[in-house]
Amino acid sequence: MKKLTANDLTTLGQQARQSPRLRANSNLHAELSDPIQRLAIAMEPDTLILP
Numbered sequence: 010m011k012k013l014t015a016n017d018l019t020t021l022g023q024q025a026r027q028s029p030r031l032r033a034n035s036n037l038h039a040e041l042s043d044p045i046q047r048l049a050i051a052m053e054p055d056t057l058i059l060p
């Protein structure tokens, strides 16, 4: 299991601020083929979330 640190979350927030969509994610699973996939998502206030 991967652990998220405060530094990881700070970095993820910085990546989100620099992204055109104002969001970024960090995969916590080892492989894309893993049957269970977990991730952390950072979103800035003006990011668009469609229903």
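In terms of the working numbering, the sequence shown opens at residue 10 and continues consecutively.
No residue lacks a Cβ here, since even glycine has one placed at the ideal position from N, Cα and C.
DSSP three-state call for residue i: helix, strand or coil?
i   : result
R26 : helix
A15 : helix
L21 : helix
Write down the C-beta distance between residue i and residue j rounded to the nearest angstrom, noting that I regard them as a contact closer than 8 Å.
i   : j   : result
A33 : L21 : 5 Å
L18 : A25 : The pair is not a contact, with the Cβ atoms about 10 Å apart (cut-off 8 Å).
K11 : L37 : 5 Å
Relative to the alpha-carbon of residue i, which residue among the options has its alpha-carbon at the smallest distance?
i   : options               : result
Q27 : N16, M52 and D43      : M52
L57 : P44, Q46, P29 and S35 : P29
Give me whichever residues DSSP pairs with residue i in a beta bridge.
i   : result
I50 : N34
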